[in-house]
Amino acid sequence: MKGPLFYSKILLFGEYGIIKDSKGLSIPYNFFKGALKQEKNLSELAQKSNNSLKAFAEYLKTIEKQEKGLVSFDMESLEKDIANGMYFDSSIPQGYGIGSSGALVAAIYDKYAKDKITVLENLTRDKLLKLKKIFGKMESFFHGKSSGLDPLNSYLSLPILINSQDNIESTSIPTQNTNGKGAVFLLDSGITGETAPMVQIFMEKMKQEGFRNMIKNQFVKHTDACVEDFLNGNVKSLFGNLKQLSHVVLDHFKPMIPAKFHQLWQQGIESNDYYLKLCGSGGGGYILGFTEDLEKAKKALKGYNLEVVYNF
Numbered sequence: 001m002k003g004p005l006f007y008s009k010i011l012l013f014g015e016y017g018i019i020k021d022s023k024g025l026s027i028p029y030n031f032f033k034g035a036l037k038q039e040k041n042l043s044e045l046a047q048k049s050n051n052s053l054k055a056f057a058e059y060l061k062t063i064e065k066q067e068k069g070l071v072s073f074d075m076e077s078l079e080k081d082i083a084n085g086m087y088f089d090s091s092i093p094q095g096y097g098i099g100s101s102g103a104l105v106a107a108i109y110d111k112y113a114k115d116k117i118t119v120l121e122n123l124t125r126d127k128l129l130k131l132k133k134i135f136g137k138m139e140s141f142f143h144g145k146s147s148g149l150d151p152l153n154s155y156l157s158l159p160i161l162i163n164s165q166d167n168i169e170s171t172s173i174p175t176q177n178t179n180g181k182g183a184v185f186l187l188d189s190g191i192t193g194e195t196a197p198m199v200q201i202f203m204e205k206m207k208q209e210g211f212r213n214m215i216k217n218q219f220v221k222h223t224d225a226c227v228e229d230f231l232n233g234n235v236k237s238l239f240g241n242l243k244q245l246s247h248v249v250l251d252h253f254k255p256m257i258p259a260k261f262h263q264l265w266q267q268g269i270e271s272n273d274y275y276l277k278l279c280g281s282g283g284g285g286y287i288l289g290f291t292e293d294l295e296k297a298k299k300a301l302k303g304y305n306l307e308v309v310y311n312f
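Mapping the sequence shown onto UniProt numbering, position 28 (from 1) lands on 28, and the numbers just tick up by one.
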């Protein structure tokens, strides 16, 4: 047995902001992927995944009970497959902010959900919201609280525009200019990040009025502008807004930025060679970078490995 592939995702804009109704834009990233597989003799890693699936299956039973009518699974097949050595074989690094648990959730829903909403049907807003709700409940097993966006992106393999928490739509992004000098890239921080503690820090900060005002008047404002600019292919304006956004994040989200990157972050803002922002909840994993001149950015970030995600 080998299931279909589910890809990682990148939230280009909207980390933390979407909790407070900013816009967001999430795109599939096909470089990393995962699939359900089954084998008799499991490696140590596969065995660990298999054990995790056992616990996940138990958790799915509680969702069925608590959320009557939301989703039901073919538990008999799922438990039988797990007993026969099913695991999730994935190249998506965990704790890197690119949706490792999201791909797993999408794979399980795809294979075992009854009456599932499929990618082929007309995806109305109601269907998208229902999927997002189901995926949010499922992914909460891994994160404590999940918006359901990562699995949704992985399941549909389409860019998703978040207008607000209850208004999402699949969208298209401007075609890449493969000869362009500009790029969106991933920068490997070399350390793993944990989502839950970072979200906890954010929620604590949200208790302060000053921080709440900054989120509303600066962070959400610049995030929304970046989403609009990106979708409309308005590159000049996008980089102006990115600079502002990078600045706001450095000033107010320091705990989410690994300490050794504070200087690099500042350097980008001052030189305009590149601008950095959080990829997911931060604390480690990948950092997202944007540059109008990739060669310049590579020189400025010598010694770091840049993975290009999108070309302008």
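Beta carbons: idealized from backbone N, C-alpha and C, even for Gly. Bear in mind that the values here come from a model prediction, so they are computed numbers and not experimental data.
State the Cα-Cα distance for the pair residue i and residue j, rounded to the nearest angstrom.
i: Ile10; j: Ser101; result: 13 Å
i: Leu231; j: Lys23; result: 12 Å
i: Ile19; j: Asn41; result: 42 Å
i: Ala225; j: Gly3; result: 39 Å
i: Phe202; j: Tyr16; result: 8 Å
i: Leu36; j: Tyr87; result: 6 Å
i: Val308; j: Ala297; result: 11 Å
i: Lys137; j: Tyr59; result: 10 Å
i: Phe261; j: Gly69; result: 46 Å
i: Pro28; j: Gln66; result: 31 Å
i: residue 400; j: Gly240; result: Lying before the first or after the last residue shown, residue 400 is absent from the chain, which here runs from 1 to 312.
i: Ile162; j: Gly233; result: 18 Å
i: Ile82; j: Glu64; result: 19 Å
i: Pro255; j: Lys207; result: 16 Å
i: Leu264; j: Lys299; result: 13 Å
Between the beta-carbon of residue i and the beta-carbon of residue j, is there less than 9 Å?
i: Val184; j: Tyr310; result: yes
i: Ser237; j: Ile269; result: no
i: Asp166; j: Leu120; result: no
i: Gly14; j: Val235; result: no
i: Met198; j: Gly282; result: yes
i: Leu288; j: Leu186; result: yes
i: Lys277; j: Val249; result: yes
i: Phe6; j: Ser146; result: no
i: Tyr112; j: Ser77; result: yes
i: Gly34; j: Asp110; result: no
i: Ala196; j: Gly144; result: yes
Among residues of its own chain, excluding the 5 on either side of residue i, which ones have a beta-carbon nearer than 6 Å to its beta-carbon?
i: Lys132; result: Gly148 and Leu152
i: Asn305; result: Asp188
i: Phe32; result: Ser8, Ser91 and Ile92
i: residue 324; result: Nothing about residue 324 can be reported from this structure: the residues present for the chain run from 1 to 312 only.
Please report the Cβ distance between residue i and residue j, rounded to the nearest whole angstrom; I am assuming they are in contact, meaning their Cβ atoms lie under 8 Å.
i: Met75; j: Lys54; result: At roughly 12 Å, the Cβ-Cβ gap does not stay under 8 Å, so Met75 and Lys54 are not in contact.
i: Lys114; j: Ser164; result: Not confirmed; about 30 Å, so no contact.
Which one or two residues does DSSP pair with residue i in a beta bridge?
i: Thr62; result: Partner(s): none; Thr62 has no beta bridge.
i: Glu307; result: Leu186
i: Gly102; result: Per DSSP, none; premise fails for Gly102.
i: Ala196; result: In DSSP, Ala196 forms no bridge with anything.
Spatial neighbours of residue i within its chain, please: CB distance less than 7 Å, with the 5 preceding and 5 following residues excluded, ordered by chain position.
i: Leu156; result: Val119 and Ser170
i: Glu194; result: Gly95 and Gly283
i: Gly85; result: Gln38, Glu39, Lys40, Leu42 and Asn50
Tell me which residues share the same chain as residue i and place their Cβ nearer than 8 Å to its Cβ, disregarding the 5 neighbours each side in the sequence.
i: Thr178; result: Asn311
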